[in-house]
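Asker: The following block contains the structure, expressed as structure tokens.
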């Protein structure tokens with residue numbers, strides 16, 4: 375069996391007996407809005423406030439679990455998203471939003487992209503996870519050290535959304551020499 379991935383970041387739980395993962399960061403979704411949108415100046419909004427908007431989302435065939443969870447959350451808030459455009463790239467989504475082609479939902483950490491003409495507003499009670507996944511038989515000391523470093527960086531960069539590091543991974547990181 376050929377293995378092409380050793381490590382990867384995912385927004386959903388990976389499937390398969392040879393893949394392991396752990397939660398790195400749990401953060402709110404953010405509404406991606408044109409900066410002049412009536413909701414753009416709010417500090418936080420309910421998901422239902424986006425009912426009736428045209429949505430720009432990722433293709434469900436590529437990220438089915440996350441897409442299904444997001445559509446289910448919209449339905450719990452009384453609406454089905456009107457998906458007018460699909461793209462997988464967050465930069466493209468933000469560009470389309472700045473061109474007023476619709477609104478979107480992305481992990482709130484994408485706010486750091488600082489796209490002109492776009493404002494991200496956290497959604498109340500709707501969160502997403504960032505997971506680190508690796509191929510279990512290939513777990514090596516380098517994978518372990520990368521896991522440590524990932525937890526350390528996540529806690530430094532997004533301290534408001536902490537996820538504790540697994541007990542078997544102390545936050546003292548020593549990178550191997552020769553990298």
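In our numbering, the protein residues as written are 375 to 553. For every residue, glycine included, the Cβ atom is placed at its ideal position computed from N, Cα and C. Just so it is clear, the structure is predicted and the values come from calculations on it, not from any experiment.
(1) Grab me the residues of residue 468's own chain with a C-beta within less than 7 angstroms of its C-beta, minus the 5 sequence neighbours each way, in chain order.
(2) Which word fits residue 527, buried or exposed, when buried means at least 16 other C-beta atoms lie within 10 angstroms of its C-beta?
(3) Just how far apart, CA to CA, sit residue 477 and residue 397?
(4) So residue 395 packs on residue 479, CB below 8 angstroms; how close in whole Å?
(5) Is it buried or exposed, residue 530, if we count other Cβ atoms within 10 angstroms and call 16 or more buried?
(6) Between residue 426 and residue 383, what straight-line distance do the alpha-carbon atoms span, to the nearest angstrom?
(7) Since residue 404 and residue 496 should fall inside the 8 angstroms C-beta cutoff, what is the C-beta to C-beta distance between them, to a whole number of angstroms?
(8) Just the C-alpha distance for residue 423 and residue 509, rounded to the nearest angstrom, thanks.
(9) Quick check: what's the CA-CA separation for residue 482 versus residue 400?
(10) Buried or exposed: which applies to residue 465, given that a residue is buried once 16 or more other Cβ atoms fall within 10 Å of its Cβ?
(11) Determine the burial state of residue 440: buried for a count of at least 16 other Cβ atoms within 10 Å of its Cβ, exposed for fewer.
(12) Does DSSP classify residue 506 as helix, strand or coil?
(13) Nearest to residue 471 by CA position, among 392, 449, 421, 494, is which residue?
(14) Might you give, ordered along the chain, the residues of its own chain that have their beta carbon closer than 8 angstroms to the beta carbon of residue 475, omitting 5 neighbours on each side?
(15) Sort out for me which residues DSSP pairs residue 389 with in a bridge.
(16) Output the distance between the C-alpha atoms of residue 391 and residue 418, rounded to the nearest integer angstrom.
(17) Which ranges would you report for the beta strand (DSSP E) in the stretch 398 to 439 if only whole runs of at least 3 residues count?
(18) Could you name the residues of the same chain whose beta carbon sits closer than 7 angstroms to that of residue 500, not counting the 5 residues immediately before and after it, in chain order?
Answerer: The relevant details are as follows:
(1) Answer for residue 468: 406, 487, 489, 492, listed in chain order.
(2) A residue is called buried once 16 or more other Cβ atoms fall within 10 Å of its Cβ, and residue 527, having fewer, is exposed.
(3) So the alpha carbons of these two residues sit roughly 27 angstroms apart.
(4) Taking the Cβ atoms as the reference, residue 395 lies roughly 22 angstroms from residue 479, outside the contact range of under 8 angstroms.
(5) Classification of residue 530: exposed, given that the 10 Å Cβ count is below 16.
(6) Each residue's alpha carbon lies about 32 angstroms from the other.
(7) Sure, about 5 angstroms apart at Cβ, within 8 angstroms.
(8) When only Cα atoms are considered, residue 423 and residue 509 end up about 40 angstroms apart.
(9) Approximately 10 angstroms between the Cα atoms of the pair.
(10) Around the Cβ of residue 465, a 10 Å sphere holds fewer than 16 other Cβ atoms; the residue is exposed.
(11) Looking at its Cβ environment, which holds 16 or more other Cβ atoms inside 10 Å, residue 440 is buried.
(12) Look at residue 506 here: in three-state DSSP terms it is strand.
(13) With distances taken between CA atoms, residue 471 lies nearest to 494 out of 392, 449, 421, 494.
(14) Around residue 475: 428, 430, 458, 459.
(15) Note: residue 389 sits in no beta bridge, so no partner.
(16) For the pair residue 391 and residue 418, the Cα-to-Cα distance works out to about 39 angstroms.
(17) Correct list: 428 to 431.
(18) So the qualifying residues of the chain are 402, 403, 421, 447.
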